[in-house]
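J.: One structure is given below, represented as C-alpha cells, and several questions about it will come after.
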C-alpha cells in the first residue's frame, strides 16, 4: 500500500509546484503537519544550502546569521530562529505600511545595517497573507532585494497560499514563483 501513497504524494507535490509557478513543477517538496513546521523547514533548508558544513559541525561552522521577517509575520519564524540556534534576537523584524505589508526599503536598509555590523543575512520570510491583517507582502520587490544580496526567499503561504487557485485573487501572490521555498 505504501508505494501508492508515495506516488500520490509525488504527483500532488508536483502539481503544487506547478501552481506556484516553478517551471515544469521542478523542485522538491514534502508535506508538513502545519505552517509553523513548514516555516522552520525553510530556515533549515536555507542554512544547509548556504552552509552545508553545519550538518556535520553544528552552528559553530556558520557565521552569525540573521533572518528577516515582517513585524506582523507568524510567530513561528522567531521560534524557528530560537530552535535552530540562530537566536530569536537574530530574527530582524521589518516595518510595515498602513496595510500591514513589508516596506521593501526597510528590508534593504536592515540588510545593509546587519552586514555593516558583521552579520550574514541568510533568509527573508515574505508573508502571503498575515494572520493579523490578511496582508500580502510585495513579493516581487522583496525577491529583487533577495537576488541582489543573495538571500533565500521563503513565502509563508499558510494563510493565503490557497489564493494560487483563485483567478480573481491570485495576483496578491505575484512573484511567488521567484521564491526558493513556499
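In the working numbering, the protein residues as written are 3 to 184. We put the beta carbon where it would ideally sit given N, CA and C, even for glycine. Because the structure is a prediction, the values reported are computed rather than measured.
For residue 1, which residues of its own chain have a beta-carbon under 8 angstroms away from its beta-carbon, when the five flanking residues on both sides are left out?
T.: Because the chain here runs from 3 to 184, residue 1 falls outside it and cannot be looked at.
J.: Helix, strand or coil for residue 130? Go by DSSP, reduced to three states.
T.: The answer is strand: DSSP assigns residue 130 an E or B state.
J.: Considering Cα atoms alone, identify which of 99, 127, 137 is closest to residue 145.
T.: Among 99, 127, 137, the Cα nearest to that of residue 145 belongs to 127.
J.: Would you mind reading off the limits of the beta strand (DSSP E) that contains residue 68?
T.: Where residue 68 is concerned, the enclosing beta strand (DSSP E) stretches over 67 to 72.
J.: Please return the same chain residues whose Cβ sits closer than 8 angstroms to the Cβ of residue 265, not counting the five positions on each side in sequence.
T.: Residue 265 lies beyond the residue range present for the chain, which begins at 3 and ends at 184; the question has no answer from this structure.
J.: Can you tell me the Cα-Cα spacing of residue 122 and residue 5, whole angstroms?
T.: Approximately 42 angstroms, taken between the alpha carbons.
J.: List the endpoints of the continuous alpha helix (DSSP H) containing residue 108.
T.: 106 to 118 is the extent of the alpha helix (DSSP H) around residue 108.
J.: What is the DSSP secondary structure of residue 5, counted as helix, strand or coil?
T.: Residue state, collapsed to three classes: helix.
J.: Among 112, 81, 161, whose alpha-carbon lies nearest the alpha-carbon of residue 135?
T.: Of 112, 81, 161, the residue nearest in Cα terms is 161.
J.: Give every residue of the same chain whose Cβ lies closer than 7 angstroms to the Cβ of residue 103, excluding the five residues on either side of it in the sequence, and list them in chain order.
T.: The answer, listed in chain order, is 137, 138, 139, 140.
J.: Need the endpoints of the beta strand (DSSP E) that residue 146 sits in, please.
T.: From DSSP, residue 146 is part of no beta strand (DSSP E) but of the alpha helix (DSSP H) over 141 to 151.
J.: Relative to the C-alpha of residue 69, which residue among 45, 147, 171 is closest?
T.: The shortest C-alpha separation from residue 69 is found at 45.
J.: Mind checking residue 187: buried by the 16 CB within 10 Å criterion, or exposed?
T.: Only positions 3 to 184 of the chain appear in the structure, and residue 187 is not among them; the question remains open.
J.: If I'm right that residue 186 touches residue 183 with Cβ under 8 angstroms, what's the distance once you round it to whole angstroms?
T.: The requested residue 186 is not part of the displayed model; the chain covers only 3 to 184.
J.: With a CB to CB cut of under 7 angstroms and the five nearest residues on each side skipped, what residues in its chain are close to residue 93?
T.: Same-chain partners within the cutoff: 69, 71, 79, 80, 83.
J.: Would you mind reading off the limits of the alpha helix (DSSP H) that contains residue 56?
T.: Where residue 56 is concerned, the enclosing alpha helix (DSSP H) stretches over 56 to 59.
J.: I need the straight-line Cα distance from residue 9 to residue 33, nearest angstrom please.
T.: For residue 9 and residue 33, the distance between alpha carbons rounds to 13 angstroms.
J.: Determine the extent of the beta strand (DSSP E) in which residue 93 is found, giving its start and end residues.
T.: Element bounds for residue 93: 93 to 96.
J.: Hey, could you find the ends of the alpha helix (DSSP H) residue 1 is sitting in?
T.: Nothing about residue 1 can be reported from this structure: the residues present for the chain run from 3 to 184 only.
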